[in-house]
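>
In the numbering used here, the protein residues as written are 3 to 195.
1. May I ask you to report which of helix, strand or coil DSSP gives residue 186?
2. Tell me the residue span of the alpha helix (DSSP H) that contains residue 151.
3. With DSSP as the reference, label residue 27 as helix, strand or coil.
4. What residue does the alpha helix (DSSP H) around residue 40 start on, and which one ends it?
5. Am I right that residue 86 and residue 121 are in contact with their C-beta atoms under 8 Å? What's the rounded C-beta distance?
6. Which parts of the segment 64–152 are runs of the alpha helix (DSSP H), unbroken and 4 residues or longer, counting only runs that do not cross its ends?
7. Short check: CB of residue 71 to CB of residue 23, under 9 Å?
8. Can you tell me the Cα-Cα spacing of residue 29 and residue 142, whole angstroms?
9. Are the CB atoms of residue 150 and residue 160 nearer to each other than 9 Å?
10. So is residue 7 buried or exposed if we call it buried at 16+ other beta carbons inside 10 Å?
11. Which residues bound the alpha helix (DSSP H) around residue 55?
12. Could you work out which residue in 157, 131, 89 is closest to residue 119 when comparing CA atoms only?
13. Report yes or no: do three or more beta-carbon pairs, one from the segment 10–25 and one from the segment 48–59, lie closer than 8 Å?
14. If we count the other Cβ atoms within 10 Å of its Cβ and call it buried at 16 or more, is residue 26 buried or exposed?
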């Protein structure tokens, strides 16, 4: 008889993320932020059952969006999870423009390990699904929620740059979905609304 998958480590990460993000909403969506984190972890789970990578996926926004520090992640979940979360954390320099922060993130992802790219793909595909959905619903109004100076043009540049940085994952269904949504959302073809 097969042993059941031990999810104790991941379960702890879910509890930690739930507490860290308690009461927060996915920007403009009206649902708990944890939904995005669970979707990111679900996407990662289509590629691996590595509990540390799944934990990093669920924790990927804790340092960027809450009072949790990278050191707290390291103490609770170890060096590998902390490093994976760190590589998903946008620069915290308030003097940087949106484009400068995104450029730094893309460069960081280009140099990242395969595992880091898998965690990033979970987050970025979840984001791209939301963007594609919103674009289908409200069209070009979706670009106003971003802090990008040039709206759609900048957002397209960022997501296409991410696709290039993660192309070593091109054999995964998650990456293929990411690229398909990019094409659907940023092509000049009309979108059915």
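For glycine and all other residues, C-beta sits at the position ideal for the given N, C-alpha and C.
Let's see:
1. Walking along the chain shown from the start, residue 186 turns up at place 184. Three-state result, residue 186: helix.
2. Translated into positions along the chain shown, residue 151 becomes position 149. Taken as a continuous stretch (DSSP letters only), residue 151 belongs to no alpha helix (DSSP H), as it is neither H nor E.
3. Against the chain shown, residue 27 aligns to sequence position 25. Looking at residue 27 - three-state DSSP - the assignment turns out to be strand.
4. In the chain shown, counting from the first residue as 1, residue 40 sits at position 38. Its alpha helix (DSSP H) spans residues 36–47.
5. Within the chain shown, numbered from 1, the residue matching residue 86 stands at position 84. Within the chain shown, numbered from 1, the residue matching residue 121 stands at position 119. Indeed, because the Cβ distance is near 5 Å, the residues count as touching under 8 Å.
6. 64–67, 72–79, 81–88, 100–112, 116–140
7. Sequence index remark: in the chain shown, residue 71 carries index 69 (1-based). Sequence index remark: in the chain shown, residue 23 carries index 21 (1-based). Their beta carbons are not under 9 Å apart, which means residue 71 does not touch residue 23 by this criterion.
8. Here residue 29 refers to the residue found at position 27 of the chain shown. Here residue 142 refers to the residue found at position 140 of the chain shown. Looking at the two C-alpha atoms, the distance is approximately 17 Å.
9. Counted from its first residue, the chain shown places residue 150 at position 148. Counted from its first residue, the chain shown places residue 160 at position 158. It is a contact, given that the beta carbons lie within the stated cut-off.
10. Mapped onto the chain shown, residue 7 falls at position 5. The residue is exposed, with fewer than 16 neighbouring Cβ atoms inside 10 Å.
11. The residue given as residue 55 occupies position 53 in the chain shown. Run containing residue 55: 53–61, per the alpha helix (DSSP H) assignment.
12. Taking the first residue of the chain shown as position 1, residue 119 is located at position 117. Considering only alpha carbons, the answer is 89.
13. yes
14. Here residue 26 refers to the residue found at position 24 of the chain shown. Residue 26 should be labelled exposed.
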